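What follows is a set of notes on a single structure, which appears directly below.
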Amino acid sequence: MTDIAGLVLPFFGLIFLGYLTARFVEHPGEAMGWLNTFIVYLALPALFFKLVSRTPVEELTRADFILTSVGTTYVVFVLIFSIGLFLRRSTVAEATIQGFAGVYGNIGYMGPGLALLAFGEAAAVPVALIFCFENAAHFTVAPAMMALAGGRKQKPLFLALGIVSRIALHPFILSTFTGVAAAFLALEPPTPLQRLIDYLAQAAAPCALFAMGVTLALRPLKRIPVEIGYIVPAKLVLHPVLMYLALSLVGTYDPVWMQTAVLLAALPTATNVFVIGHQYGIWQERASATILITTLISVATVTGLLYLMRSSALPADLFP
């Protein structure tokens, strides 16, 4: 357990330092803009490219892994959406944000750093695949559901073009597919360029976690929404449990792939859920509260999950 604490506490400590810094150092919220730009457009793409480009091509084409992981995520989404719509009597738009709060984990800022620390570079490919295809699904479902709810009146062609451009031009997805191309062609960047990529990749996790802490501090908790009662268990417990069961039933995967997928499913709600709510003017304050609460609770749940994995108390595959 000491090893797990030594792994997790510095990781969450960076988030806490970001939170403390934002509470005691006065800067306008816009000051985060350049740091987020560095993380999203340079540091994390460099990390994805570096790790994916060094991966054997055959490992990058596991459609069964992709379909099972994304499909499991959307089983939970449909469940939370249905609870919000039929039991809580929320609107379609509100239930959609609740659904995302229950499944859209922090797989961009927290995922790569924690998975690589816990499982080594072998975790890079499942992280990249899950990130790319889950985000492609989220970028498609969010505007489609909001159009269905009547939140924005857009012609189908413009809606489709907007979805395609968000997917195709996202820097994480672009860098991953560039890495796939480099792996397929066995290309290696020149030494100076490789060193630059290494510097950027090394900065990805610390900067992303610090930025996440600052973001949480800038959105203080005002009230605890009722929906937390079912969203938090769904995100931190149900999602990883179903991911574990689904991957165990569907195929045979490298233990690191299994553990990585379950870990990513167990991560707290992503700040992008607030961004989606803010974009459409729906469920913003409650989305912010959900992010903060799931992040705080995940210190215990993620630590416990990693302990079960590293101690072999939780087999890498339930049905080997």
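Numbering (our numbering), first residue to last: 17 to 336. Backbone N, C-alpha and C fix where the C-beta goes; we use that ideal spot for every residue, glycine too. These numbers come from a predicted model, not from an experiment.
Beta bridge pairing from DSSP links GLY121 with THR285.
Here the region 227-242 makes contact with the region 288-305; the two share three or more CB pairs at distances below 8 Å. In this chain, ALA332 is not harboured by any alpha helix (DSSP H), its DSSP state being neither H nor E. The Cβ-Cβ distance between VAL86 and THR319 does not fall below 8 Å. Counting C-beta pairs with one atom in each stretch, the region 218-225 and the region 192-202 have fewer than three that are closer than 8 Å, which means they do not touch. CA-to-CA, the gap between SER181 and ASN122 works out to about 22 Å. Less than 8 Å divides the Cβ of TYR269 from the Cβ of PHE81. Residue nearest to ALA117 within the set PHE290, ALA332, LEU324 and GLY297 is PHE290 (criterion: CA-CA distance).
DSSP places ALA153 inside the alpha helix (DSSP H), whose first and last residues are 140-165. DSSP places PRO172 in the uninterrupted alpha helix (DSSP H) bounded by 172-184.
When the five nearest sequence neighbours on each side are left out, the beta carbons in the same chain lying within less than 7 Å of the beta carbon of ASN288 are those of TYR120, in order along the chain. If only complete runs of 4 or more residues are kept, the region 36-96 shows the alpha helix (DSSP H) at 49-54 and 60-68, in order along the chain. Within the same chain, and ignoring the five residues on either side of LEU283 in sequence, the residues whose Cβ sits closer than 8 Å to its Cβ are GLY121, ASN122, ILE123, MET126, GLY127, LEU130, SER314 and VAL318. Fewer than three Cβ pairs drawn from the region 54-73 and the region 91-102 lie within less than 8 Å of each other, which leaves the two stretches out of contact. In the assembly as shown, TRP299 is a buried residue. Its beta-carbon has 16 or more other beta-carbons within 10 Å. Under the three-pair Cβ rule at 8 Å, the region 141-155 does not count as touching the region 46-55.
In this structure, the CA atom of LEU58 is about 26 Å from the CA atom of GLU42.
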